[in-house]
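Undergrad: In the working numbering, the protein residues as written are 61 to 514. Backbone N, C-alpha and C fix where the C-beta goes; we use that ideal spot for every residue, glycine too. Following this message is one structure expressed as structure tokens.
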């Protein structure tokens, strides 16, 4: 325990000395008011680097994977390795872990790499939790729509709750961060930098990206709600799961990324599985088409989130996106056609629709399945690419089918189960998950053979 305090205090002193070094180096520049935002980023990056290294050192000590005498040196080495290049591969990690198991007193960089692995697993866990929350929403929306809820009113109330919570959370985090920054000695002047036209242009581009994400999110959820009026929850979830297949094609068309041959093969397999799923005992309906449209909008959201997520904090981006969806959903719910066929806005019905806002199902959709899941997705995709995140999203229809069976008693026929399995395998094939799993198994078997021979 005292060793942990010593390690933390040591790294805290190093971080303070590093900040003082940067402060002395740029004191004259601060006073002249000509410090560029790049210098601010370098100063903040140096502080974050030292603090993260201290956290990794404490985690290594708690897990008892490192001798106490090597904590500080290994943490600094892992920090330099992480900033210089990518981490070691899976085979090297397994080899180092076996070596450390044979020799408990051996100190290697692979042991401190376990702390890095623990920290790197947080974005993956966040995306998995978001996928579970999304899997529950299909059955809940199906229950509400079958109970007489209008799709537009449902989205307005759902995103109204989510936007209120997200805006409050983002504002609270911003106020807390500003208060902590103002209490640091010598940091008040550091927040003052020239706000020229480039600064406001960057702010405008960032906010426009968040508003664009809100548009794609609104289109996806609106098409999903409309589609669930005619199709089942499990069927809608598997059709919506086609967004995993659409992401690489949109990346090739919009971002000029090359599509490998395995992706074309997986697309053909996924199309065949979708046809089997659509003709599972019941004829195709309009709800299936709306579900496919929701998949296209969801794919655009995933693709754009990869770029926008790195431009602003996840809480702020989530609040702006949900506020955009709330405004669009309110306009959609108030839009009506009168007896003569002319489009009108019925603002009076918004007051009557607010009486259902305390429904437990509406609260769950707004708080858990929308606000929390959106924040987890924004945080996860800040560190994980869209193609790799799509592999995790592949579990969405599996969770949706399980919750549809538990809550609604829905089941798929033999043809539907086979089609769902084909779509699932096609997505894993396109993302390289099957190929990486096979190569990993072959490497593990080869290493075990070498260890047995030795």
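Is the beta carbon of residue 347 sitting closer than 7 Å to the one on residue 479?
TA: Against a cut-off of 7 Å, the Cβ pair of residue 479 and residue 347 comes out as no contact.
Undergrad: Can you tell me the Cα-Cα spacing of residue 417 and residue 379, whole angstroms?
TA: Cα to Cα, the separation comes out at about 19 Å.
Undergrad: To the nearest angstrom, how far is it from the Cα of residue 454 to the Cα of residue 301?
TA: Answer to the nearest angstrom: the Cα atoms are 7 Å apart.
Undergrad: By the three-class DSSP mapping on this structure, what secondary structure does residue 463 have?
TA: Helix at residue 463.
Undergrad: What alpha helix (DSSP H) runs, 4 residues minimum, are completely inside the region 311 to 385?
TA: Listed in chain order, the complete alpha helix (DSSP H) runs (minimum 4 residues) inside the region 311 to 385 are 321 to 338, 346 to 368.
Undergrad: Compute the Euclidean distance between the alpha carbons of residue 295 and residue 240, then round it to the nearest angstrom.
TA: Straight-line Cα distance between these residues: approximately 49 Å.
Undergrad: Could you tell me the boundaries of the alpha helix (DSSP H) in which residue 294 lies?
TA: That run of the alpha helix (DSSP H) goes 293 to 300.
Undergrad: Short of 7 Å in beta carbon distance, which residues of its chain neighbour residue 267, apart from the five on each side in sequence? Order them along the chain.
TA: Contacts found: 380.
Undergrad: In chain order, what residues of the same chain lie with their CB nearer than 6 Å to the CB of residue 437, ignoring the 5 residues before and after it?
TA: These residues qualify, in order along the chain: 190.
Undergrad: Please confirm whether residue 285 and residue 214 have their CB atoms less than 7 Å apart.
TA: The answer is yes: Cβ separation under 7 Å.
Undergrad: So, at 6 Å on beta carbons, what are the nonlocal neighbours of residue 459 in its own chain, with the 5 sequence-adjacent residues on each side left out?
TA: So the qualifying residues of the chain are 192, 195.
Undergrad: Taking a contact to mean a Cβ-Cβ separation below 7 Å, would you say residue 186 touches residue 440 in this structure?
TA: Taking 7 Å as the Cβ cut-off, residue 186 and residue 440 qualify as a contacting pair.
Undergrad: Pull the bridge partners of residue 405 from the DSSP assignment, please.
TA: Answer is 395, bridged to residue 405.
Undergrad: Quick check on this structure: which residue in 271, 507, 335 has the alpha carbon closest to the alpha carbon of residue 482?
TA: Of the candidates 271, 507, 335, the one whose C-alpha sits nearest the C-alpha of residue 482 is 335.
Undergrad: Measuring CB to CB, does residue 289 end up less than 7 Å from residue 205?
TA: Closer than 7 Å, so yes.
Undergrad: Near residue 353, what residues of its chain come up, given a Cβ to Cβ distance below 6 Å and the 5 sequence neighbours on each side ignored?
TA: Hits under 6 Å: 283.
Undergrad: DSSP three-state call for residue 145: helix, strand or coil?
TA: Any answer about residue 145 is weak, because its pLDDT of 41 lies below 50 and its placement is not dependable; what the coordinates show is given next. DSSP places residue 145 in coil when its eight states are reduced to three.
Undergrad: Could you tell me whether the region 316 to 331 touches the region 503 to 510, where touching means 3 or more Cβ pairs closer than 8 Å?
TA: At 8 Å Cβ cutoff, the stretches do not touch.
Undergrad: Can you tell me where the alpha helix (DSSP H) with residue 433 in it begins and where it stops?
TA: It spans 433 to 441 - the alpha helix (DSSP H) in which residue 433 sits, taken as one unbroken run.
Undergrad: Which two residues bound the contiguous alpha helix (DSSP H) that contains residue 426?
TA: Per DSSP, residue 426 belongs to the alpha helix (DSSP H) from 420 to 426.
Undergrad: Which residues in the same chain have their Cβ closer than 7 Å to the Cβ of residue 370, if we skip the five residues on either side of it in sequence?
TA: Counting only Cβ-Cβ distances below 7 Å, and skipping sequence neighbours, we find 442.
Undergrad: Skipping 5 residues on each side, what residues in its chain have a beta carbon closer than 7 Å to that of residue 202?
TA: Result list for residue 202: 288, 293, 468, in chain order.
Undergrad: Report the option in 360, 233, 232, 406 whose CA atom is closest to the CA atom of residue 212.
TA: Of 360, 233, 232, 406, the residue nearest in Cα terms is 406.
Undergrad: In the structure shown, what three-state DSSP assignment does residue 469 receive?
TA: Coil at residue 469, not helix or strand.
Undergrad: Quick test of your reading: residue 474 and residue 298, contact by CB under 8 Å. State the CB separation rounded to the nearest angstrom.
TA: About 15 Å separates the two Cβ atoms, so there is no contact after all.
Undergrad: For residue 218, count neighbouring Cβ atoms within 10 angstroms of its own Cβ and tell me buried if that reaches 16, exposed if not.
TA: Buried, by the Cβ-count rule.
Undergrad: For residue 219, does the three-state DSSP call read helix, strand or coil?
TA: Reduced to three states, the DSSP call for residue 219 is helix.
Undergrad: Return the CA-CA distance between residue 362 and residue 402, expressed in angstroms with no decimal places.
TA: Answer to the nearest angstrom: the Cα atoms are 36 Å apart.
Undergrad: Taking only three categories from DSSP, how would you classify residue 207?
TA: Of the three classes helix, strand and coil, the one that applies to residue 207 here is coil, per DSSP.
Undergrad: Considering only residues of the same chain and omitting the five flanking positions on each side of residue 60, which have a CB-CB separation below 8 Å?
TA: In the structure as shown, the chain starts at 61 and stops at 514, and residue 60 therefore has no counterpart that could be examined.
Undergrad: Residue 432: which of 444, 377, 472, 476 sits nearest, CA to CA?
TA: The option with the nearest alpha carbon to residue 432 is 377.
Undergrad: Quick one: residues in its chain with C-beta nearer than 6 Å to the C-beta of residue 350, no 5 flanking neighbours on either side, listed in chain order?
TA: Counting only Cβ-Cβ distances below 6 Å, and skipping sequence neighbours, we find 283, 286, 287.
Undergrad: Answer with buried or exposed for residue 235, where buried requires no fewer than 16 other C-beta atoms within 10 angstroms of its C-beta.
TA: It counts as exposed.
Undergrad: So which of 449, 388, 472, 382 has the shortest CA-CA distance to residue 429?
TA: Out of 449, 388, 472, 382, 382 has the C-alpha closest to the C-alpha of residue 429.
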